[in-house]
Every structure is written in structure tokens, then in C-alpha cells.
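Comments concern the structure below.
Residue numbers (my numbering): -9 to 331.
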């Protein structure tokens, strides 16, 4: 019996970013890999031409939509291993309903590998925001001011504070885990987890309004869906404590940016945005010039360790499913498509 066949769609650039050389080499030894030699991503039509006879498809950033024609021609496909984050851009709800679920095709995502980077960055942003480091750096670099008395002093840093986590996603759960050494009280808002499950995470389940009212730091980790769009509005920002911090490393469209701007202009809160809507913000956006608003260019998930973990977990999924007949850790629960990020 020959090796399982893999249609490998990512470009060489993507491969170098997420796969260690020995990891990619191991994949090529264990499987018959039909790699993409082009410095561009294949089209959906090209994927449909190449997929017959393949047991697996490896996808990544830039992979085109996997259309109905792809699945009609995928006569042996058992697993799609996505060496990136969300799969919704390449798997439509209709394709999932008509082909993926009925045919029992497993879909893996390396979301958790990226989640480690985002969670780590989030904790760093908490410390940065509560101590207002960017403002102190800017005061000294641009104006030569040492310990600028004009920068507000927050009364509560991260240690021993109350942190509100909006969304018990993979990132949200990792943030809770990473916060354990800081002795914080963690509140979580997520309509899809029980009080028992929140307690098992080390958090208290609360309503969104209570979370904003009680937290010293609010951090957003909910998926972007029709249900969560603009879920954070003016009434929530008004509930925040003086000196509190608001952090968003999820998606910009979860937040009403006009309401956020109105509250940020008061100077009461510190804001850290790794994501915005639109992205990037236009040059004339007032958010770009407020000293208490720190904007990073959607880089919370970037990092060599996290990227290589993407390749490691992708290969592990292929080995577990195709060679060891084991369940895939990181399989996407496509039956809950509407709730996926």
C-alpha cells in the first residue's frame, strides 16, 4: 500500500514562514506530497484539476475558495489541514453543508498555534496599557520629559486586578491561563459556556454590562459573526472605571468605533487596538492621534515561534489522522459554522 497523497497548496514563501525545514522534510518522507512550485497561489479551478486521487489537502494563507467543483472531483479526500487560522474564507457554509459534513471530511485549523502568540501579546498589552508605557516613551523621546506629570497615573496595575475577557475562544482561554501568575480575578462573558465551564477555566461568568463595570482591564476575544458585530457600544464604554484599559486583538467590527472614540477622548481609559474597522484606520481618524490610544498593525499573532508551531501542528494532524487513525486535535467544529471566527 502506497503512501497517502497530499495536495500541498501553499506557496514556497508560506512554507518557509510556517514550516521548519525538518518538519516539511518529515512530511515529504511520510507522504507523497504534490507541492505548489509557483510563487503564487493556485486558483480554485487549478485546485479542482489537481485534487483527484489525493487523501489530504494542505491549505494556508491565500488559498482560494474550495468550491463545489473541488469537492465533486475530490474522490479520496479525507482531511483538509489548514496551516493558518480561520477556514471560513475558503469553505463556504454551503460547501460545508453539502460536502464536508456529509462526507465526513475532517478540517483542521492551526488556530491554536496562532492563539498562543495573540494571548502572549495580549498580556503584554495589559501591562503596557496599565503603566502607559507608550506615553512615557513618547514624552522622553520627543520632548525630553522625564516622568511627565501630565500622564495620568493608573491606580491598579495588572497584579491583583480584575480582568474581563469577552469571549471564551481559544485565545480567550489562553489569556486566562497566562494570567494565573498575576493573581487576577477573571470575569468572562460568553453566552455559549456554562458557569461550571467558566469556573473550570478559573473565571466567573457574568453579563457583558457587569464585566465592563467591574473590570480594570477589558480584553476582547470573541469571533466576528453577525451576532457579535458592533456588540461593544457606548453604553459599555460608559460603564468602565476611570483608569481602566480596553484591549482588542480580535476583530475591529466587534466594536462601535464612534463610541470608542467618544470615550477615549475623555482620557478616562486607555485603549489598545491591534485590530480596527476599517484596517488600517484612515489618516484622518482621530483615534490615531489620541495619546491614550495605542494602535498596532494587526501583529499580535505574528511571531516565529508561533508560526513554526503552525507547521508542527499541521503535520501532527496529518500523521494522527492518516497514519495513526487517531482523532485530530484542532479539528474545526464545522457543525457550529455560524459561531466560528
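Cβ atoms here follow ideal geometry from the backbone N, Cα and C, with glycine treated the same way.
Boundaries of the alpha helix (DSSP H) in which residue i is found, first to last residue
i: residue 162; result: 160 to 168
i: residue 4; result: 2 to 8
i: residue 37; result: 34 to 40
i: residue 60; result: 58 to 63
Distance between residue j and residue i (C-alpha atoms, nearest Å)
i: residue 20; j: residue 217; result: 42 Å
i: residue 185; j: residue 147; result: 27 Å
i: residue 23; j: residue 206; result: 50 Å
i: residue 9; j: residue 320; result: 17 Å
i: residue 331; j: residue 86; result: 15 Å
i: residue 132; j: residue 56; result: 50 Å
i: residue 189; j: residue 163; result: 12 Å
i: residue 263; j: residue 53; result: 27 Å
i: residue 219; j: residue 225; result: 15 Å
i: residue 279; j: residue 254; result: 11 Å
i: residue 311; j: residue 80; result: 21 Å
i: residue 281; j: residue 234; result: 15 Å
i: residue 66; j: residue 325; result: 22 Å
i: residue 7; j: residue 101; result: 15 Å
i: residue 327; j: residue 213; result: 11 Å
i: residue 323; j: residue 50; result: 18 Å
i: residue 318; j: residue 0; result: 21 Å
i: residue 242; j: residue -8; result: 47 Å
i: residue 149; j: residue 2; result: 44 Å
i: residue 332; j: residue 13; result: Outside the displayed range of the chain (-9 to 331) lies residue 332, so it cannot be described from this structure.
i: residue 291; j: residue 256; result: 30 Å
i: residue 269; j: residue 247; result: 12 Å
i: residue 99; j: residue 299; result: 12 Å
i: residue 123; j: residue 144; result: 12 Å
i: residue 27; j: residue 108; result: 31 Å
i: residue 182; j: residue 104; result: 22 Å
i: residue 229; j: residue 251; result: 15 Å
i: residue 4; j: residue 200; result: 43 Å
i: residue -4; j: residue 294; result: 25 Å
Beta-bridge pairing of residue i - partner residues as DSSP gives them
i: residue 179; result: 156
i: residue 23; result: -4
i: residue 263; result: 238 and 285
i: residue 321; result: 98
Residue i: first and last residue of the uninterrupted beta strand (DSSP E) it sits in
i: residue -2; result: -5 to -2
i: residue 46; result: 46 to 49
i: residue 71; result: 69 to 72
Distance cut-off 8 Å: residue i Cβ against heavy atoms of the ligand MG
i: residue 140; result: Absence of the ligand MG is noted for the structure shown, with no ligands found whatsoever.
Closer than 9 Å to chain B by CB, residue i
i: residue 207; result: Here there is only one protein chain, and chain B is not present.
Uninterrupted alpha helix (DSSP H) stretches inside the segment 187 to 260 (no shorter than 4 residues): 198 to 204, 224 to 229 and 247 to 254
The segment 287 to 295 contacting the segment 37 to 50, beta-carbon criterion three pairs below 8 Å: no
Those runs of the beta strand (DSSP E) which lie wholly inside the segment 79 to 150 and span at least 3 residues: 96 to 99
Cβ contact (3+ pairs, closer than 8 Å) linking the segment 128 to 139 and the segment 187 to 199: no
Inside the segment 272 to 313 only - alpha helix (DSSP H) runs reaching at least 4 residues: 294 to 308
Touching by the beta-carbon criterion (3+ pairs, under 8 Å), the segment 119 to 132 and the segment 175 to 183: no
Given 8 Å, three or more beta-carbon pairs between the segment 109 to 124 and the segment 167 to 175: yes
Inter-stretch contact (C-beta, 8 Å, three-pair minimum) for the segment 259 to 276 and the segment 80 to 91: no
Validate contact between the segment 66 to 77 and the segment 307 to 325 using beta carbons, cut 8 Å, 3 pairs: yes
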